[in-house]
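Working notes for the structure below.
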Amino acid sequence: MKKLKVMTVAGTRPELIRLSLIIRKLDEFCDHVLVHTGQNYDFELNEVFFSDLGIRKPD
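To convert a position in the sequence shown, counted from 1, into the working numbering, add 816.
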């Protein structure tokens, strides 16, 4: 059976917080592409943020 293809687009930290559990499940069960638009981007904050939430790096 073919895996469902899904793309998640997030731009802000609150969106990533809300989507963090869903992102992990989509990675597990779907062909999932994660896009982060970098809105309000700060390198140090983003690195810590992704690791603290257990979210993989965007594609």
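Positions of the beta carbon are idealized from the N, C-alpha and C atoms, including for glycine.
Keep in mind the model is a prediction, meaning the values are calculated, not measured.
With distances taken from CA atoms, which of L835, V849, F859 and K818 is nearest D875?
In this structure, V849 is the residue among L835, V849, F859 and K818 with its C-alpha nearest to the C-alpha of D875.
Quick one, which of K873, F865, E844 and L842 has its alpha-carbon nearest P830's?
With distances taken between Cα atoms, P830 lies closest to F865.
Enclosing beta strand (DSSP E) for K821 [first to last residue]:
Element bounds for K821: K821 to A826.
Can you say whether L820 is buried or exposed, counting buried as having 16 or more other CB atoms within 10 angstroms of its CB?
Exposed, since its Cβ has fewer than 16 Cβ neighbours within 10 Å.
Would the beta-carbon of T824 fall within 9 Å of that of L835?
In this structure, L835 lies closer than 9 Å to T824 by Cβ.
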